[in-house]
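One structure is given below, encoded as structure tokens.
Structure, rendered in structure tokens:
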């Protein structure tokens, strides 16, 4: 991955390119932004710029097997009785990055067969990283450490990484790619130069879909608009639309059950959603937020601010009056609370059933 292969993010790329070329990079960089913004692609491009100093090093970087490139990422314990380090999963990790650096947590969970496991970066990984950095650079230049989703480091690991940041080995550049920097220790953030990589523009995603994935312009434009700056979401749309169909069906089912006040069926609905797995539940809640925003906007009858496909539009024609200025804020707040509770491993059946019951009152508030 080179800087000229990064989608959009011209300001971020320009800043890092200038710093790398001038030899003025900070020892620790925290790339922050939402899923699908290209943070991992930027980190890989920076590593390539720093480590590809010869034909042999470029060949090693092309396979992500450069000895001075170290990568840490969330994993699960295959054997709870043994320490778990990222090297146990590094083959699948490299395959994922080489295939598509614009991936999310769900793609990584699927790649390693984690199912409903909670992913984490464990203490053993920080110990392994410390040992690796105690060895001198094999190429006599920079060493680069990329940490994907550092917010998933456990407390012991985070504190050991903090020590490395406080007393960085010579010639080491840490690049942390975070989707939720607020979950990091304040002391870690204070040791880094924070660089915000915002959502991608619709135009940048559209162009990437046309030039890299051979979509026709109209289809690319529709997908780009509905992805809300998330390249990962756009790629999910063209690779498999079954998830969107599932989410649409669950959303429609809930709204109809709430309108009809079928509490028993709502309980069954909440149990069904709770079986999706935590990452998929979070994406479903994100889909619900999008659909409620779209239905609210549908009431204004302005085509340029509506981002729905034909099935969603057809449903909105009848449902949109139930999402209005009297209840839209309340509904969105409840969805945010659900997202928080699911992220914190609350009992999903209770979380979704509670939300469904509250929706009975909220959608009647016209």
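Numbering (the numbering used here), first residue to last: 322 to 687.
We treat Cβ as the ideally placed atom computed from N, Cα and C, and that holds for glycine.
Distance between residue j and residue i (C-alpha atoms, nearest Å)
i           : j           : result
residue 503 : residue 578 : 36 Å
residue 621 : residue 322 : 43 Å
residue 461 : residue 481 : 26 Å
residue 558 : residue 433 : 21 Å
residue 582 : residue 682 : 10 Å
residue 633 : residue 336 : 41 Å
residue 586 : residue 416 : 43 Å
residue 465 : residue 371 : 8 Å
residue 662 : residue 674 : 13 Å
residue 413 : residue 526 : 26 Å
residue 438 : residue 598 : 9 Å
residue 457 : residue 610 : 49 Å
residue 326 : residue 362 : 8 Å
residue 391 : residue 528 : 32 Å
residue 431 : residue 382 : 25 Å
residue 569 : residue 563 : 10 Å
residue 514 : residue 596 : 40 Å
residue 575 : residue 396 : 34 Å
Proximity winner among the options, relative to residue i (alpha-carbon distances)
i           : options            : result
residue 355 : 413, 425, 378, 328 : 425
residue 479 : 510, 551, 421, 500 : 510
residue 454 : 388, 514, 409, 653 : 388
residue 659 : 680, 646, 517, 645 : 680
residue 459 : 357, 484, 492      : 492
residue 445 : 348, 343, 476      : 476
residue 449 : 538, 382, 349, 406 : 406
residue 635 : 654, 645, 342, 612 : 612
residue 435 : 468, 423, 398      : 398
residue 639 : 684, 431, 610      : 684
residue 506 : 391, 326, 473      : 473
residue 657 : 672, 644, 439, 645 : 672
residue 440 : 538, 394, 552, 451 : 394
Test item: CB-CB of residue i and residue j under 8 Å
i           : j           : result
residue 404 : residue 463 : no
residue 591 : residue 619 : no
residue 664 : residue 603 : yes
residue 628 : residue 547 : yes
residue 352 : residue 494 : no
residue 545 : residue 555 : yes
residue 649 : residue 617 : yes
residue 516 : residue 364 : no
residue 341 : residue 486 : no
residue 655 : residue 637 : no
For residue i, the first and last residue of its enclosing alpha helix (DSSP H)
i           : result
residue 426 : 426 to 432
residue 507 : 507 to 511
residue 673 : 669 to 685
residue 494 : Careful: residue 494 lies outside any alpha helix (DSSP H), inside the beta strand (DSSP E) at 493 to 499.
residue 393 : Counting along the chain, residue 393 falls outside any alpha helix (DSSP H), though it belongs to the beta strand (DSSP E) covering 390 to 393.
residue 517 : Where residue 517 is concerned, there is no enclosing alpha helix (DSSP H), although the beta strand (DSSP E) it sits in stretches over 514 to 517.
residue 632 : 631 to 640
residue 577 : 563 to 581
residue 608 : 599 to 619
residue 447 : 444 to 454
residue 338 : 331 to 343
residue 586 : 584 to 595
residue 659 : 649 to 664
residue 522 : Looking at the DSSP string, residue 522 is not in any alpha helix (DSSP H), and its letter there is neither H nor E.
Burial state of residue i (16 or more Cβ within 10 Å)
i           : result
residue 401 : exposed
residue 470 : buried
residue 329 : buried
residue 500 : buried
residue 536 : buried
residue 496 : buried
residue 360 : buried
residue 584 : exposed
residue 343 : exposed
residue 667 : exposed
residue 377 : exposed
Boundaries (first-last residue) of the beta strand (DSSP E) holding residue i
i           : result
residue 353 : 349 to 353
residue 547 : Unbroken run through residue 547 is the alpha helix (DSSP H), 538 to 547; no beta strand (DSSP E).
residue 468 : 464 to 469
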